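J.: If you scroll down you'll find the structure; I have some questions about it.
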Amino acid sequence: MIPRFAPLLATLFLATPALAQETVHLRGEILSIEDSTISIETTGAQTYDVEMAENFMVMVYRQIAPEDVGPGDFLSIPSRQEDGEKVAISINVFPETMRGTGEGERAWDLTEDSLMTNATVGEVESASDGRVLNVEYDGTEERVIVPEGTPITSFGPDPDRQLQAGDQAILFVQQAEDGTPTANLAGVSADGSLPPV
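Residue numbers (this note's numbering): 1 to 197.
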């Protein structure tokens with residue numbers, strides 16, 4: 001099946017040639033799934049059709065408490081800069097089987113000028129309004145401010161969870177060799193909300 005809105009999504013890849021080898025993140029509501037085609041309406045009110053990869057997998061995010069995050073945990077941390085400090089938008093704990101995945105820091109698209117840091121927790125400090133995580137990746141050490149109320153989750157693959165219409169989801173989309181936008185991964189929250197990544 002040819003995605004109805006593939007030309008729209010293709011513009012995300014064609015705007016910069018390098019994007020053809022990178023991942024585009026589509027966040028929003030799953031409208032329908034027909035055969036291997038997912039239709040999603042994004043938070044920006046755009047509708048796209050995306051093909052499922054043969055190895056398509058669903059990750060489930062579950063809320064946890066701040067004290068459940070500690071030294072040695074490997075984290076996915078979307079963040080923004082405020083007054084020279086890195087401030088977490090959310091904290092997401094990788095399963096042990098995925099330790100080291102994407103270690104490092106890169107530009108992210110959750111908010112304007114956001115970053116994604118995948119790193120290991122070292123020392124955890126208390127702060128007047130939350131906590132401070134000292135994290136390490138690729139020999140680099142950084143401080144991350146985690147304000148009180150920051151979403152904190154653990155996540156992992158759930159082979160029994162099927163993506164379905166009505167889900168609030170994030171799709172991780174790449175361009176297949178034939179140019180078709182293809183998702184090999186979706187993230188959903190156990191509580192039905194949009195995952196905070």
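Heads up, the beta-carbon is just placed ideally off N, CA and C, and yes, glycines get one too. Just so it is clear, the structure is predicted and the values come from calculations on it, not from any experiment.
Within this structure, are the beta carbons of valine 173 and threonine 182 separated by less than 8 Å?
T.: Stepping through the sequence shown from its first residue, residue 173 is reached at position 173. Stepping through the sequence shown from its first residue, residue 182 is reached at position 182. Yes, the pair counts as a contact, with Cβ atoms nearer than the cut-off.
J.: Closer than 8 Å is the cut-off here; do at least three beta carbon pairs connect the segment 137 to 152 with the segment 82 to 90?
T.: yes
J.: Contact check, alanine 165 vs serine 32 under 8 Å by CB: the rounded distance?
T.: Residue mapping note: residue 165 aligns to position 165 of the sequence shown, counting from 1. Residue mapping note: residue 32 aligns to position 32 of the sequence shown, counting from 1. Going by Cβ atoms, the distance from alanine 165 to serine 32 rounds to 5 Å, so yes, they are a contact pair.
J.: With burial defined as no fewer than 16 other Cβ atoms inside 10 Å of the residue's Cβ, what is the status of glutamate 177: buried or exposed?
T.: For the purposes of this step, residue 177 is taken as the residue at position 177 of the sequence shown. So glutamate 177 ends up on the exposed side.
J.: Valine 60 to serine 39, Cα distance in whole Å?
T.: Here the question's residue 60 lines up with position 60 in the sequence shown. Here the question's residue 39 lines up with position 39 in the sequence shown. If I take the Cα positions, the gap works out to 19 Å.
J.: Which runs of the alpha helix (DSSP H) at least 4 residues long sit entirely within the segment 94 to 179? Give them in chain order.
T.: none
J.: Since asparagine 55 and asparagine 184 are thought to touch, with beta carbons under 8 Å apart, how far apart are those beta carbons, to the nearest angstrom?
T.: Mapped onto the sequence shown, residue 55 falls at position 55. Mapped onto the sequence shown, residue 184 falls at position 184. The pair is a contact, with the Cβ atoms about 6 Å apart (cut-off 8 Å).
J.: Rounded to whole angstroms, what's the CA-CA distance from proline 66 to glutamate 123? Just pull it up for me.
T.: Here residue 66 is taken as the residue at index 66 of the sequence shown, counted from 1. Here residue 123 is taken as the residue at index 123 of the sequence shown, counted from 1. So the alpha carbons of these two residues sit roughly 14 Å apart.
J.: Would you mind listing the beta strand (DSSP E) stretches within the segment 29 to 73 that are 3+ residues and don't spill past its ends, in chain order?
T.: 37 to 42, 47 to 63
J.: How would you call glutamate 22, buried or exposed, if buried means at least 16 neighbouring beta carbons within 10 angstroms?
T.: Sequence index remark: in the sequence shown, residue 22 carries index 22 (1-based). In summary, glutamate 22 is exposed, with fewer than 16 beta-carbon neighbours lying within 10 Å of its beta-carbon over all protein chains present.
J.: Please work out which residues of its chain come closer than 7 Å, Cβ to Cβ, to threonine 101, disregarding the five sequence neighbours upstream and downstream, and give them in chain order.
T.: Translated into positions along the sequence shown, residue 101 becomes position 101. Around threonine 101: Phe94, Asn118.
J.: Leucine 110: which of Gly130, Ala190, Ile77 sits nearest, CA to CA?
T.: Locating residue 110 in the sequence shown gives position 110, where the first residue counts as 1. Nearest to leucine 110 by alpha-carbon distance, out of Gly130, Ala190, Ile77, is Ile77.
J.: Specify the secondary structure class of glutamate 85 as computed by DSSP and reduced to three states.
T.: Counted from its first residue, the sequence shown places residue 85 at position 85. Glutamate 85 falls in the strand class under three-state DSSP.
J.: Do serine 193 and isoleucine 64 count as a contact pair if the criterion is CB distance below 8 Å?
T.: In the sequence shown, residue 64 corresponds to position 64, counting from 1. In the sequence shown, residue 193 corresponds to position 193, counting from 1. Cβ atoms of isoleucine 64 and serine 193: not closer than 8 Å.
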